Amino acid sequence: MPLETPSRIVQELARHGYNAEREAVTLIAGAADPATALARAVEEAGDDAFRVTAADVRAVLDAARSADAETTPSPTASPTGDSTPAPDPSVSSGDPGDGAAARAIETPDETTGGRRRREANRSPVPVDIAGDITGQSTGTGEYADFVKVFKDRYERLSSHLRGRVNHRPAEAIQRMSGGSDAAMIGLVNDIRSTASGHWLVELEDTTGTFPCLVMKDRDFASQVDELLMDECIAVEGTLADDSGIMFVDSMHFPDVPRTHAPNTADRHVQAALISDVHVGSQEFMADAWTNFTDWLHTEEAHAVEYLLIAGDMVEGVGVYPNQDEELDIIDIYDQYERFSEYLKQVPGDIEIVMIPGNHDAVRLAEPQPGFDETLRDIMDVHDARISGNPSLVTVEGVKVLMYHGVSLDEVIAELPEEKASYDEPHKAMYQLLKKRHVAPQYGGHLRLAPEEKDYLVVDDVPDIFHTGHVHKLGWGKYHNVLAVNSGCWQSQTDFQKSVNIDPDAGYAPIVDLDTLDMTVRKFA
Amino acid sequence: MRKDDERYFTRIEDRLDEAFDTARAAKAQGYDPETEVEIPVAKDMADRVENILGIPGVAERVRELEGQMSREEAALELVTDFVEGSVGDYDSREGKVEGAVRTAVALLTEGVVAAPIEGIDRVEILENDDGTEFVNVYYAGPIRSAGGTAQALSVLVADYARSLLGIEEYRARDVEVERYAEEIALYDKETGLQYSPKDKETKFIAEHMPIMLDGEATGDEEVSGFRDLERVDTNSARGGMCLVMAEGIALKAPKIQRYTRQLDEVDWPWLQDLIDGTIGKDGDKDEETDDADADADAAEESEDGAKEEAEDDSPADPAGPARVEPATKYLRDLIAGRPVFGHPSAEGGFRLRYGRSRNHGFATAGVHPATMHLVDDFLATGTQIKTERPGKAGGVVPVDSIEGPTVRLANGDVRRIDDPEEALEVRNGVEKILDLGEYLVNFGEFVENNHPLAPASYVFEWWIQEFEAAGAPVQAFEDDPSVDLEHPSPEDAFEWAAEYDCPLHPDYTYLWHDVSVEQFETLADAAADGRVVDAKADGGVAVRPEGPEGGDGVLELERTETVRSVLERLLVEHSQSDETIRVPEWRPLVRSLGLTTDLERTWESDDISPEARQWDGGENAVKVVNEVAPFEIRERAPTRIGNRMGRPEKSESRDLSPAVHTLFPIGEMGGNQRDVSEAARARNDEGTRGEVNVRVGDRECPDCGTHTFKSKCPNCDAHTEPYYECEECGTVREPDESGRVYCDRCEREVESPDWFQIDLSTELREALENVGERESSFPILKGVKGLTSSNKTPEPIEKGILRAKNGVSSFKDGTVRYDMTDLPVTAVRPEELGVTAEHFRGLGYDTDIDGEPLQFDDQLVELKVQDIVLSDGAAEHMLKTADFVDDLLTQFYDLDPFYEVEERDDLIGELVFGMAPHTSAAVVGRVVGFTSAAVGYAHPYFHAAKRRNCDGDEDCVMLLMDGLLNFSKQFLPDKRGGQMDAPLVMSSRIDPSEIDDEAHNMDIVRRYPLDFYEATLEMADPGEVEDLIQLGEDTLGTDDEYRGFDHTHDTTDIALGPDLSAYKTLGSMMEKMDAQLELSRKLRAVDETDVAERVIEYHFLPDLIGNLRAFARQETRCLDCGEKYRRMPLTGDCRECGGRVNLTVHRGSVNKYMDTAIQVAEEFGCRDYTKQRLEVLEKSLESIFENDKNKASKISDFM
């Protein structure tokens, strides 16, 4: 069998029962006699190994005194005849999404005949990143910094609501006469249920607070269940006779316009959206990861030109008590070294964007800046773009809001199960889109680092909203925005077992950037 | 009861009566809220129960029943009485159930704790959905102090009463069942439960419980699921209910079942399922977690129980000696500044010695005073230590009849230090503490903790019994003045060992089990190569001894690291020079090594049997030494016990914060200091000088009808009574029997307090005149902002003036208190208490412990049960209190003084109250002496009567007359727990059978028998040898129940060692931690890296992480009005007052330990994992607190 292309080499190796490092494949392909090199590399790797490493091949090539061994060959440019991937049988996974997004989960099948090693012809364009805190953290933890953040939040979110209601400041409403109509835009300051089951929502703006009563029999009363502290809403209603309270007639959220028309790429190109790799954990699924990166080398994945990783590259240190007992790699820098090794398996011509998560070695308080110089140096192999959490990443014209997703825990805990649950994490994401803020509630789970503006506000409507953190796979469309929670690469931990969480591990959602259709591929 | 004891109690009660006479005369004058003394005397438990509950007739019935049945059965029997109405005066069914439930809890807690009054709020009768009635018991947080059994039984009693009254069972709605499960899980998460029932278990109980359990909200956290239920009036966790359900019903199911089976009316068949543990175990997932739990439990048990594996293995594989398993639990949550004294079972740590010193027993640990000094004074009398075994914690007591520590000095000398003075002299030169000395634990401690006996050290009291058993004429030796049995000469020791075939005397038994066979051989070789030189010669001429008897030479060995370290491990005293090591007491060493005193070897390496060589993997040379030495040698110290410091000891007056002299309200007028004089001068809002507007109780004079806030009518001097006028309708109401005042017409509670404009400057002036004092007689007179009691009755200002004058301050209930750590003592010398034999004879002590007439100050006397020893600080404070009481009697009440004390000796024989936190009953004690230690020594039964043990617990003493005159229930805060920690009743005499039975497990013998020591080697269960050693419980109910508390070990003084722990004398946390780490380097038994790791892991990191988390989700607070905001107001300023708002968690409090933690991690070579965690945190801090674009420069940037 002629072995002129990397995909052939991979197939041949697979036939022998081996996976291979990308570099190993390249080395074999560049050898004077690929067939012999391959055969000997397989010998070198031995029967126990299941991966042929670059070291194995080098040993073989060195032994053969191959003159070309050290030079990395440039990818051959000759296109093979069948560049269109053969359609894979789709595996239905029930009904995971409720939007217009694609619902298929596909399992790449190594033995499918049509699968070809892809020609290296990706040409991703550099992404554009906005709203990145990295290097811009100017807060010094003073009281005034906190006030500034919340004022900024109010200013920016209220701008989305001003056109919809004829609002007055709280101070003015306090002086209005009883019985008059009024509207107010404010941050939710307090929510209480009254003895008779009505809801008392206190709103705050930059002039003061005002209590708003939502009667339990109003049809929008159920929306009170969805309210989180410190989100921005607008209400319209009538003042009570003593002007001490407003009876709410309608409630508005900043929200994403129903008419939102998403941007799309003007060519067929795909992005893989993943998160929560957790390298260093004893539960990290190295095999699934390698299956994934191997697949990226195949013809089928030729359109995948972007890889977006939404946090938790590594398991981290000291994230929870006695974590060291459950670590595979105890040293945090070694964890990133190893992660970097795994990242090397990703084809070099794929553009990677990474933001940190709560397990990463950056500050926990949000917004989280991207990795510092030390960690960047460790991970510099792939020249990945490193940004803060959250960040708005524009890929081929498509705006992707990347956020790790710590606030999802709180949204799921606070909201009724039908509106947000771990089994349908995308529904919790809808709520964040509706609130136009990735983590509204202050003082609970969320840790807030005060900066000069609120980086957590969703200023521009994204076309894709990408989160992770809860280790569950879920996607769907909300007002034409594709919301994706991307699962993880860590099998069930003891903790998850104890709280009965069954993670969705080893999946890679693949989005067509030209149509925003999505396919999920399973690698575990 | 013996005549002697009767006389003793009569004496106490006579003095009590005297005090009551004076107090009654004072109270009758009507200056106080009540005209009677408010602390009733209880002679026994039945009395206490009646007094605490305030239900007449209970005591009599309890006494009747007590003779016939157990306390639990009596509690159930009383239910019938309550239902029939023969006990208690309740008309309503609710009242009957409530009375029965409270009485049951009171009985089961011996009428000491506050649970029966504070822990049960009320009982209601509500309706089921089918219209039938059921009983609801409303619990509150303080039910905690009742303990699981009493909690569980309270439910059973309620159910029994319910069935007798013909009320239906409670049928829980589904939402209520779910709510119970959610709520208990929430409470467990928030507060923590001893036993966490699974949801299924909780639901199972809730479905079957015939009584509704309800209660007050205790936490802020709310349930998220089952909110706003019709029959549950809070969304927060109800702590009392959760405790009763989880730690009561779920945990104590087997105990309840025993009683349900006795009752025909009550049938709880579902308990069986709980007991069998079949609930919550169906379904695979659950099963797995259950099993995991069970495994974890089992693992913990084996850790706790230290059940030796060798016990099971040894018959098959006798490869090593019997040893207890090291346990690490005590090292958890190590705190900066509180040192570790020994890692688990580590060599060089405390050596377990069995025995009870006279100041010992009941959760205490005997430590040599020289050790206390050598651990840099971190241990003092009363310091709490967390211990590896047998219990969890103990109070340290000084015992100098055990062996002291062994140290290596900077010059290389290795010495054992048995004298505290010597310890202080050499302390600065100590390079390494090779051994902490012995650690005295009494047998009773093992019984109490049900801990298998650990192998005993070989000590004199064991050896002498073996010696006697071997046929030695011990009596004759004892009578021979030339023989010292306890510390014989080496020649005597050899001779006895040889002649009677008895193990070598412990004085010459070295720690052979701590050296390996290889090390043993090295030392033997070195000794054979050594020479005996003149003790004074500097290495010059070798002197051959003239025979085994003669010659004073010392053994000189070549100095090598191995030899040196082996000698150190053996604890052989020696000195060293550059090239040599000199052993002065060398004969026992070389004989044990199998050499003759001419240093000739009697054995070859091949002579050692394989078994001895392989013993404990070759790490233990004890078998070898027995093979080569000409006598038997026992293991000197097979059990080492690890320890760390817990709480420091305490002896200080209890002051409210800020301190209060008078319970008189002055509002905001007195400034932060609540200065009454300042308030009397200041202008109020209206500009009037010295007038305060405060809420106080409205009282009416029964004679002239005057309305006043004072207890004594200013017009006619009659005693006034609270006046209750309904705010809505103006009707005047009277309190009902239970003290509640209710307006039937308006259906609301009526209160007496009202706003009064009080002319404080006049009140103060008149008060000063009344007691003939001037403002200059006190530096400051502090009042309170407002009153928290239900009737808001203020105290006469005069009392505060006299308190301020005498430099004492008041607790919330009007009493003056002094707190001390509790320690036990059963025999004392008048001398050590700063008093004389004459004083003691005056107190009724006639003989010493041997029955000899008491003549000399240093004779040892057995302490009587209610006699207590005050710390110096307490004595001083009591003197001031006595002066205050006398001033009060003469200047305020116009009576004769009661105490007339000049010096502290005058306090001897005076009565005090002892009272523990969370209880409501005081115990009368008598002062017999003083100690420089910062603790309250008293008879263990006295502490137990207060429901304390001595593992570092502390409680307070009050002067008797102060309590009688100044305590009033009217001052107690009108909130949950307000009745706790207040002397609602006093016990005048202790009945040993009515105290906490923990104290009964103290052994009271002079000597433990030989069989006991041998049993420890088998690691027997303490129960197996309990019959050999008399415990306190063996004398209960006999004439001897108050006497015969013998001890096995004496101590020269009960206050040896430092008076205060270094933890208290060192200043900042950093100084303490430096000292802690410094000490950890010095101790051979301590791994300093581990200590540093733990301090970082358990103290610094949680602190840093916690504060960082707190910072990023903090509340803010107005600096001006104190208003709190969950989130920063958008206006920036306070919405209430427009004042400045600021953070509650600042940068400084977040990163205060950062630099230190990093430095410690570096210096002590902590793991990279730990260092990296700190690194990541430091970066986080920088990222949050530093501007990326304008980095703050630090001095270190320029260095």
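Residue numbers (my numbering), protein chains in the order written: chain D, 6 to 529; chain Z, 739 to 1937. Built from N, CA and C at the ideal position, the CB exists for glycine as well. Nothing here was measured: the structure is a model prediction, and the numbers come from that model.
Where residue i falls: helix, strand or coil (DSSP)
i: C980 of chain Z; result: helix
i: I469 of chain D; result: strand
i: G191 of chain D; result: strand
i: S412 of chain D; result: helix
i: M947 of chain Z; result: coil
i: F1205 of chain Z; result: helix
i: S1726 of chain Z; result: coil
i: P992 of chain Z; result: helix
i: A510 of chain D; result: strand
i: L453 of chain D; result: strand
i: T243 of chain D; result: strand
i: T498 of chain D; result: coil
Under 9 Å between C-beta atoms of residue i and residue j
i: D1825 of chain Z; j: H1225 of chain Z; result: no
i: A1654 of chain Z; j: K1684 of chain Z; result: yes
i: M1866 of chain Z; j: V229 of chain D; result: no
i: Y447 of chain D; j: M181 of chain D; result: no
i: A187 of chain D; j: E241 of chain D; result: yes
i: G957 of chain Z; j: E928 of chain Z; result: yes
i: L1548 of chain Z; j: L1401 of chain Z; result: In the sequence as displayed, the identity of residue 1548 of chain Z is Ser instead of Leu. Yes; because the gap between Cβ atoms is below 9 Å, this pair is in contact.
i: V443 of chain D; j: I469 of chain D; result: no
i: L1381 of chain Z; j: I1606 of chain Z; result: Looking at the sequence shown, residue 1381 of chain Z is not Leu but Asn. No, these two residues do not count as a Cβ contact at 9 Å.
i: G857 of chain Z; j: I881 of chain Z; result: yes
Unbroken alpha helix (DSSP H) run spanning residue i, endpoints
i: P1840 of chain Z; result: L1839 to F1849
i: W294 of chain D; result: A291 to L301
Check: residue i C-beta below 8 Å from any heavy atom of the ligand FAD
i: F297 of chain D; result: The model on display carries no ligand, and the ligand FAD is accordingly not part of it.
Where the beta strand (DSSP E) containing residue i begins and where it ends
i: A1418 of chain Z; result: Where A1418 of chain Z is concerned, there is no enclosing beta strand (DSSP E), although the alpha helix (DSSP H) it sits in stretches over V1414 to R1419.
i: G1592 of chain Z; result: Correcting the residue type first, residue 1592 of chain Z is Leu in the shown sequence and not Gly. L1592 of chain Z -> no beta strand (DSSP E), and no H or E assigned at all.
i: G1435 of chain Z; result: E1429 to G1435
TODO: Tell me, please, whether the stretch 1190-1206 of chain Z touches the stretch 1244-1262 of chain Z by the rule of three or more beta-carbon pairs shorter than 8 Å.
DONE: Taking a cut-off of 8 Å for Cβ pairs, the stretch 1190-1206 of chain Z and the stretch 1244-1262 of chain Z touch, as three or more such pairs fall below it.
**Q.** Inter-stretch contact (C-beta, 8 Å, three-pair minimum) for the stretch 1743-1761 of chain Z and the stretch 1179-1195 of chain Z
**A.** Cβ pair count under 8 Å is three or more, so yes.
Complete runs of the alpha helix (DSSP H) confined to the stretch 814-866 of chain Z [at least 4 residues]:
Segments of the alpha helix (DSSP H) lying fully in the stretch 814-866 of chain Z: 831-846.
Quiz item: Does the stretch 838-851 of chain Z come close enough to the stretch 1653-1665 of chain Z that 3 or more CB-CB pairs lie under 8 Å?
Solution: At 8 Å Cβ cutoff, the stretches touch.
Does the contact criterion of 3 or more C-beta pairs under 8 Å hold for the stretch 1217-1224 of chain Z versus the stretch 1303-1311 of chain Z? Counting C-beta pairs with one atom in each stretch, the stretch 1217-1224 of chain Z and the stretch 1303-1311 of chain Z have fewer than three that are closer than 8 Å, which means they do not touch.
| query | Can you list the alpha helix (DSSP H) stretches of 4 or more residues lying completely in the stretch 1138-1224 of chain Z, in chain order? | reply | With a minimum length of 4 residues, the continuous alpha helix (DSSP H) runs that stay inside the stretch 1138-1224 of chain Z are 1158-1164, 1181-1187, 1198-1207 and 1212-1217.
Would you call the stretch 1131-1146 of chain Z in contact with the stretch 1104-1112 of chain Z, where contact means no fewer than 3 C-beta pairs closer than 8 Å? Between the stretch 1131-1146 of chain Z and the stretch 1104-1112 of chain Z there are three or more C-beta pairs closer than 8 Å, enough to call the two in contact.
Review point. Which ranges does the alpha helix (DSSP H) cover as unbroken runs of at least 4 residues, wholly within the stretch 1542-1584 of chain Z, from first to last along the chain?
Key: The stretch 1542-1584 of chain Z is shown to contain whole alpha helix (DSSP H) runs of 4 or more residues at 1575-1580, in chain order.
Item to complete: Please determine if the stretch 1632-1649 of chain Z and the stretch 1529-1537 of chain Z are in contact, where contact requires at least 3 C-beta pairs separated by less than 8 Å.
Response: Fewer than three pairs of CB atoms, one per stretch, sit closer than 8 Å, so the stretch 1632-1649 of chain Z makes no contact with the stretch 1529-1537 of chain Z.
**Item:** Positions along the stretch 212-226 of chain D whose CB lies within less than 9 Å of some CB in chain C
**Value:** Here chain C cannot be found, since the structure's protein chains are D and Z.
Three-pair Cβ contact test at 8 Å for the stretch 1891-1911 of chain Z versus the stretch 1793-1805 of chain Z: No, they do not touch.
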